[in-house]
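Peer 1: Heads up: the protein sequence lines correspond to chains A and B, in order. Residue numbering for the first sequence follows my numbering, starting at 0 and increasing by one per position. Residue numbering for the second sequence follows my numbering, starting at 0 and increasing by one per position. Every residue, glycine too, gets a C-beta built ideally from N, C-alpha and C. To start, I am sharing the structure in question, which I have written as C-alpha cells.
There are 2 protein chains.
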Amino acid sequence: MEFPPGTRLSEGEIATRYDVSRQPVREALISLSRIGLVQVLPQRGTIVTRISTRHMMQVRIAREALESAIVQRACERFDGVIRGSIDAILETQARAACEGDYMTITAADSQFHAALATGADCEMIWQMVLDVKAHMDRVRHLTLQDRDSMRILVEQHRAIVDAIDQRDPEKAEHAMRHHLMEILRDLPRVLAERADYFE
Amino acid sequence: MEFPPGTRLSEGEIATRYDVSRQPVREALISLSRIGLVQVLPQRGTIVTRISTRHMMQVRIAREALESAIVQRACERFDGVIRGSIDAILETQARAACEGDYMTITAADSQFHAALATGADCEMIWQMVLDVKAHMDRVRHLTLQDRDSMRILVEQHRAIVDAIDQRDPEKAEHAMRHHLMEILRDLPRVLAERADYFE
DNA sequence: TAGTATGGACTTGTATGGTAGATCAAGAGG
DNA sequence: CCTCTTGATCTACCATACAAGTCCATACTA
Numbered sequence: 000m001e002f003p004p005g006t007r008l009s010e011g012e013i014a015t016r017y018d019v020s021r022q023p024v025r026e027a028l029i030s031l032s033r034i035g036l037v038q039v040l041p042q043r044g045t046i047v048t049r050i051s052t053r054h055m056m057q058v059r060i061a062r063e064a065l066e067s068a069i070v071q072r073a074c075e076r077f078d079g080v081i082r083g084s085i086d087a088i089l090e091t092q093a094r095a096a097c098e099g100d101y102m103t104i105t106a107a108d109s110q111f112h113a114a115l116a117t118g119a120d121c122e123m124i125w126q127m128v129l130d131v132k133a134h135m136d137r138v139r140h141l142t143l144q145d146r147d148s149m150r151i152l153v154e155q156h157r158a159i160v161d162a163i164d165q166r167d168p169e170k171a172e173h174a175m176r177h178h179l180m181e182i183l184r185d186l187p188r189v190l191a192e193r194a195d196y197f198e
Numbered sequence: 000m001e002f003p004p005g006t007r008l009s010e011g012e013i014a015t016r017y018d019v020s021r022q023p024v025r026e027a028l029i030s031l032s033r034i035g036l037v038q039v040l041p042q043r044g045t046i047v048t049r050i051s052t053r054h055m056m057q058v059r060i061a062r063e064a065l066e067s068a069i070v071q072r073a074c075e076r077f078d079g080v081i082r083g084s085i086d087a088i089l090e091t092q093a094r095a096a097c098e099g100d101y102m103t104i105t106a107a108d109s110q111f112h113a114a115l116a117t118g119a120d121c122e123m124i125w126q127m128v129l130d131v132k133a134h135m136d137r138v139r140h141l142t143l144q145d146r147d148s149m150r151i152l153v154e155q156h157r158a159i160v161d162a163i164d165q166r167d168p169e170k171a172e173h174a175m176r177h178h179l180m181e182i183l184r185d186l187p188r189v190l191a192e193r194a195d196y197f198e
C-alpha cells in the first residue's frame with residue numbers, strides 16, 4: 000500500500016528511485032504481475048492493480064480451500080517442535096493486540112499461518128497461499144486498525160490451534176473458514192471509504 | 000518434458016536456440032522458477048526441476064482443494080452457454096480416447112477443467128490451478144498412454160458434469176476428488192520406470 | 001604423491017543504448 | 001465545429017556489453 004492501487008508505475012522511475020538499473024526492476028514487476036498485484040500494459044505502462052470485489056471473492060475462496068486442506072492435514076500429523084513455537088507466536092500476537100501494535104500483529108499473523116503449513120508438511124501449499132494472501136493483506140491493511148478486530152483475530156487463531164490439538168478435522172476446518180470469512184465483514188466498509196482503490 | 004527433469008539449461012544456449020536475446024529468455028525462466036518448473040541457481044546455472052513425490056503430494060492436495068471449491072461453486076451457479084460447450088469438449092475427448100490421440104485428449108482435458116472454472120465464475124482460481132497442473136501434467140505425460148486410462152478419464156469427467164447438473168455439491172466434490180486421485184495410481188509406476196526424473 | 005594455487009571457461013546478474021508501439025496534443029483540412 | 005493527420009513524448013521491450021561469482025582442469029609446490 001506504499002504504492003496505492005491505481006498508481007502508475009514506471010520501470011525507469013523506480014529504477015532511479017532505488018538506484019538500480021531498469022532490468023532488475025522490470026523482472027520484479029513481472030513477478031508482481033504474475034501474482035496480480037501490478038498490471039503491465041505492453042508499451043503503455045504499469046499500474047498497481049486496483050482492488051476488485053469479484054477478484055477478492057475468488058481469492059478468499061481459494062485461500063479458504065487451501066488453508067482448510069492444510070489444517071485438515073494438520074489434524075492427521077503435526078510437527079511437535081513447530082507446535083511448541085506456535086504458542087510463542089500467539090503470545091506475542093496477544094500482547095501486540097493489547098497494545099494495538101499493527102506491525103507486530105501482522106508479522107505474527109504471517110508466522111502463525113506459515114507455522115501451520117510447515118507443521119503440517121505443506122510448505123509448497125503455503126507458497127501458493129502467500130500469493131493470494133498478498134491481495135487480502137491489502138484490504139486488511141485498511142481495516143485492521145482497531146483493537147477489537149485484533150483481539151478477535153487472536154481468538155480465532157486460538158480456536159484453530161485448539162481444534163488441531165484435539166485432532167478434530169471438521170472443527171479445525173470450520174474454525175479456519177470462519178477466520179478467513181472475517182474479510183467479508185470489512186470489504187464493504189473499505190469499498191465505501193476508499194472507492195478510489197477499487198475498480 | 001521436451002527438456003526432461005534434471006536437464007541443465009543455460010540462458011545463453013536457449014537464447015541462441017530460439018534466436019532471441021538472453022533477456023526475454025531470462026524473464027521466462029524467472030516465471031518458470033516461480034511456478035517451480037525450473038530452479039535458478041545464482042551464478043551457477045538453471046536446471047529443470049526434478050519431480051519429487053513429496054512435492055507432487057502437496058501439489059495434488061492443493062489442486063484437489065481448489066478444484067473442489069470450483070465444482071462446489073459450480074453447483075450453486077453455472078453459466079448456461081459454457082455448460083453447452085462442455086458437451087462438445089467431452090465428445091471430442093471421447094472420440095480422441097477411442098483413437099488413442101494423446102494430444103487431443105490432453106488439450107480437451109485442459110479445456111474441460113478451464114470451462115468448469117469459467118462457468119462457475121472462478122477464472123482467478125483457474126489461474127492458480129494452472130500452475131499446479133503444470134507439475135501434474137509432467138507425470139501424466141509419462142502415464143497417459145494406454146486407451147484404458149483415457150477412457151477412465153472421460154468417464155470421470157462425465158461423472159463430474161452429471162453431479163453439477165444435479166446441483167449436488169457433495170457428489171460433485173467427491174467426483175472431482177476421485178478424478179484428481181488418479182495420479183496416485185500412476186506415480187509409483189513412473190517413479191520405478193523413470194527414477195532419473197525424480198530427485 | 002597429496003595438497004594447493006591459478007587461470008580460463010563457464011554461469012547468472014546488472015547496466016545501458018536503441019527500437020517499436022501507444023498516447024495525446026496541436027494544427028490542417030473539410 | 002468536427003475529423004483526421006502528424007509529430008513529440010511517453011512507455012515497455014529487446015539486444016548488447018560488462019561485471020561478478022562458480023567450477024574445473026592444469027600446473028606448481030611441499
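Counting contacts by CB-CB distance shorter than 9 Å, is Ala61(B) in contact with chain A?
Peer 2: Taking the second sequence and counting its residues from 1, the one referred to as residue 61(B) is at position 62. Chain A contact via Cβ: present.
Peer 1: Say whether chain B places a C-beta atom closer than 9 Å to the C-beta of Gln42(A).
Peer 2: Taking the first sequence and counting its residues from 1, one reaches residue 42(A) at position 43. Cβ-Cβ to chain B under 9 Å: no for Gln42(A).
Peer 1: What are the boundary residues of the alpha helix (DSSP H) that includes Gly11(A)?
Peer 2: For the purposes of this step, residue 11(A) is taken as the residue at position 12 of the first sequence. Its alpha helix (DSSP H) spans residues Glu10 to Tyr17.
Peer 1: Do Ala171(A) and Ile182(A) have their CB atoms nearer than 9 Å?
Peer 2: Reading the first sequence from its first residue, position 172 is the one you call residue 171(A). Reading the first sequence from its first residue, position 183 is the one you call residue 182(A). No, the Cβ-Cβ distance between Ala171(A) and Ile182(A) is not below 9 Å.
Peer 1: Looking at the strands, I want to know which residues DSSP matches up with Val189(B).
Peer 2: Counting from 1 along the second sequence, the entry for residue 189(B) is found at position 190. For Val189(B), which the question treats as bridged, DSSP gives no partner whatsoever.
Peer 1: What are the boundary residues of the beta strand (DSSP E) that Leu38(B) is part of?
Peer 2: Mapped onto the second sequence, residue 38(B) falls at position 39. For clarity, residue 38(B) is Gln in the given sequence; the question names Leu instead. Val37 to Leu40 is the span of the beta strand (DSSP E), which, as asked, contains Gln38(B).
Peer 1: Between Asp161(A), Glu10(A) and Ile104(A), which lies nearest to Asp147(A) when the distance is taken from Cα to Cα?
Peer 2: The residue you call residue 147(A) lines up with position 148 of the first sequence. Residue Ile104(A) is the option with its Cα nearest to Asp147(A).
Peer 1: Do the stretch 4–21 of chain A and the stretch 17–31 of chain B meet, that is, are 3 or more Cβ pairs less than 8 Å apart?
Peer 2: no
Peer 1: Among Phe197(A), Ile163(A) and Arg82(A), whose alpha-carbon lies nearest the alpha-carbon of Val138(A)?
Peer 2: Taking the first residue of the first sequence as 1, we reach residue 138(A) at position 139. Val138(A) has its Cα closest to that of Phe197(A), out of Phe197(A), Ile163(A) and Arg82(A).
Peer 1: Suppose contacts are defined by Cβ-Cβ distances below 9 Å. Is Ala73(B) in contact with Gly118(B) by that definition?
Peer 2: Within the second sequence, numbered from 1, the residue matching residue 73(B) stands at position 74. Within the second sequence, numbered from 1, the residue matching residue 118(B) stands at position 119. Their beta carbons are under 9 Å apart, which means Ala73(B) touches Gly118(B) by this criterion.
Peer 1: Tell me the DSSP bridge mates of Val47(B)?
Peer 2: On the second sequence, position 48 is the one that residue 47(B) refers to. In the DSSP output, where bridge partners are listed per residue, Val47(B) has Val37(B).
Peer 1: For the alpha helix (DSSP H) containing Ala119(B), name the first residue and the last one.
Peer 2: To locate residue 119(B), count along the second sequence from 1; it is residue 120. Where Ala119(B) is concerned, there is no enclosing alpha helix (DSSP H), given that its DSSP letter is neither H nor E.
Peer 1: With 9 Å as the threshold, decide whether the Cβ of Ile124(A) is near any Cβ in chain B.
Peer 2: Within the first sequence, numbered from 1, the residue matching residue 124(A) stands at position 125. Chain B contact via Cβ: present.
Peer 1: Listing by chain order, which chain A residues have their CB less than 7 Å from the CB of Cys121(B)?
Peer 2: Against the second sequence, residue 121(B) aligns to sequence position 122. Gln57, listed in chain order.
Peer 1: In chain A, which residues lie with their C-beta within 7 Å of the C-beta of His112(B)?
Peer 2: Residue numbering aside, residue 112(B) sits at position 113 when the second sequence is read from its first letter. Residues of chain A passing the Cβ test: none, with the nearest at roughly 15 Å.
Peer 1: For the alpha helix (DSSP H) that Gly79(B) lies in, which residues bound it at each end?
Peer 2: Taking the first residue of the second sequence as position 1, residue 79(B) is located at position 80. It spans Gly79 to Glu98 - the alpha helix (DSSP H) in which Gly79(B) sits, taken as one unbroken run.
Peer 1: Under 9 Å between the Cβ atoms of Pro4(A) and Val70(A)?
Peer 2: The residue you call residue 4(A) lines up with position 5 of the first sequence. The residue you call residue 70(A) lines up with position 71 of the first sequence. No, the pair does not count as a contact, with Cβ atoms beyond the cut-off.
Peer 1: Is any beta-carbon of chain B found at less than 9 Å from that of Met180(A)?
Peer 2: Position 181 of the first sequence, counted from the start, is the residue given in the question as residue 180(A). So, not an interface residue.
Peer 1: Taking C-beta pairs closer than 9 Å, name the residues in chain A that Glu26(B) reaches, listed in chain order.
Peer 2: As a position in the second sequence, residue 26(B) is number 27, starting the count at 1. Within 9 Å Cβ-Cβ: Arg25, Glu26 and Ile29.
Peer 1: Any idea if Thr6(B) is buried or exposed, counting beta-carbon neighbours within 10 angstroms, 16 or more meaning buried?
Peer 2: To locate residue 6(B), count along the second sequence from 1; it is residue 7. Looking at its Cβ environment, which holds fewer than 16 other Cβ atoms inside 10 Å, Thr6(B) is exposed.
Peer 1: For Leu115(B) versus Glu192(B), is the C-beta spacing smaller than 9 Å?
Peer 2: Indexing the second sequence from 1 puts residue 115(B) at position 116. Indexing the second sequence from 1 puts residue 192(B) at position 193. Not closer than 9 Å, so no.
Peer 1: For the stretch 26–33 of chain A against the stretch 91–102 of chain B, do three or more pairs of beta-carbon atoms, one drawn from each stretch, fall closer than 8 Å, so that the two count as touching?
Peer 2: no
Peer 1: Using 8 Å for Cβ pairs, my map puts Arg157(B) next to Ala96(B). What's the rounded Cβ distance?
Peer 2: As a first step, residue 157(B) is located in the second sequence; it is residue number 158 there, counting from the start. As a first step, residue 96(B) is located in the second sequence; it is residue number 97 there, counting from the start. Actually they are not in contact, since the Cβ atoms of Arg157(B) and Ala96(B) sit about 11 Å apart, beyond 8 Å.
Peer 1: Since Leu65(A) meets chain B, which of its residues come closer than 8 Å, beta carbon to beta carbon?
Peer 2: Taking the first sequence and counting its residues from 1, the one referred to as residue 65(A) is at position 66. Correct list: Ala61, Ala64 and Leu65.
Peer 1: Where does Arg7(A) fall in DSSP's three states?
Peer 2: Along the first sequence, one-based indexing puts residue 7(A) at 8. Residue state, collapsed to three classes: strand.
Peer 1: Can you tell me whether Glu177(B) is buried or exposed? The criterion is at least 16 other CB atoms within 10 Å of its CB, across all chains shown.
Peer 2: Start at 1 with the first residue of the second sequence, and residue 177(B) comes out as number 178. At residue 177(B) the sequence reads His, which differs from the Glu that was named. Its Cβ having fewer than 16 others within 10 Å, His177(B) is exposed.
Peer 1: Only counting the same chain, and skipping five residues up and downstream in sequence, which positions put a Cβ closer than 6 Å to that of Leu152(B)?
Peer 2: In the second sequence, counting from the first residue as 1, residue 152(B) sits at position 153. Around Leu152(B): no qualifying Cβ.
Peer 1: Under three-state DSSP, which class holds Phe2(A)?
Peer 2: Against the first sequence, residue 2(A) aligns to sequence position 3. If DSSP states are grouped into helix, strand and coil, Phe2(A) belongs with coil.
Peer 1: Which bits of chain B does Met127(A) rub up against, with CB to CB less than 8 Å?
Peer 2: Numbered from its first residue, the first sequence carries residue 127(A) at position 128. Within 8 Å Cβ-Cβ: Ala61, Met127, Asp130 and Val131.
Peer 1: Return the first residue and the last residue of the alpha helix (DSSP H) that Glu66(B) is part of.
Peer 2: The sequence position of residue 66(B) within the second sequence is 67, counting from 1. That run of the alpha helix (DSSP H) goes Thr52 to Glu75.
Peer 1: Quick one, which of Arg184(B), Asp164(B), Cys121(B) and Ser9(B) has its alpha-carbon nearest Leu143(B)'s?
Peer 2: Indexing the second sequence from 1 puts residue 143(B) at position 144. Taking only the C-alpha atoms, the option nearest Leu143(B) is Arg184(B).
Peer 1: Mind checking if Gln22(B) is an interface residue toward chain A, Cβ cutoff 9 Å exclusive?
Peer 2: Sequence index remark: in the second sequence, residue 22(B) carries index 23 (1-based). Judged by the 9 Å Cβ criterion, Gln22(B) is in contact with chain A.
Peer 1: In chain A, which residues lie less than 8 Å from His140(B) when you measure between Cβ atoms?
Peer 2: Within the second sequence, residue 140(B) is the residue found at index 141, counting from 1. Going along chain A, no residue has its Cβ under 8 Å from His140(B), so there is no contact; the nearest lies around 20 Å.
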